[in-house]
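Heads up: the structure comes next, in structure tokens.
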Amino acid sequence: MNQDYLGIGWSFPPEFSPATGEVNMSVGPADIAESLRILVSTLPGERAMRPDYGAAFRDLLFAGMDTTTQTEFFDRIRMALLRYEPRILVEKMSLDTSFLRDGRVELVVDYRIRANNTRYNFVYPFYLEEGSLIDQI
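Numbering (our numbering), first residue to last: 839 to 975.
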């Protein structure tokens, strides 16, 4: 495996080692998984120096999920992954709507790391109302 190609980056969210004070790093497949999570959770315009970075699809998440909407949703995700995560090849994407009554939809991306042909999957939950299950005091 070519570790240089797979990369190394700060863990996300950033953490520091209590013993050394150094930044904890993510290496290889873990770095790719964190990169995917960051990309999917970032809206275009949120990054000051890279205003086009991110995936613009949240307006489609809880719309009527007919075939047209799902196709548009997957196209937007796929374009963001192609543009900002060249280390992977997306094999399949799906939406798990079995938790829709609870206000949650899960994006499932099956992908292969190009450098070593290893397969992984990435599951990212989207919530209609985050924090809605917090008990009122």
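Glycine is no exception: its CB is placed at the ideal position from the N, C-alpha and C atoms.
Counting only residues of its own chain and dropping the five nearest sequence neighbours on each side, residue 964 has a CB closer than 6 Å to the CB of 899 and 943. Linking residue 877 to residue 884 through their CA atoms gives a straight-line distance of about 11 Å. Bridge pairing for residue 947: 931 and 960 [DSSP]. For residue 878, there is no enclosing beta strand (DSSP E); the residue is part of the alpha helix (DSSP H) that begins and ends at 867 to 879.
With a cut-off of 8 Å on Cβ pairs, the segment 902 to 909 is not in contact with the segment 850 to 858, counting fewer than three such pairs. Taking every protein chain shown into account, the CB of residue 932 has fewer than 16 other CB atoms within 10 angstroms, so this residue is exposed. Put simply, the segment 886 to 902 does not touch the segment 855 to 873. Fewer than three CB pairs are less than 8 Å apart.
Pairing residue 919 with residue 949, the inter-Cα distance amounts to about 10 Å.
Nearest neighbour of residue 955 by Cα position, chosen from 847, 866, 858 and 859, turns out to be 866.
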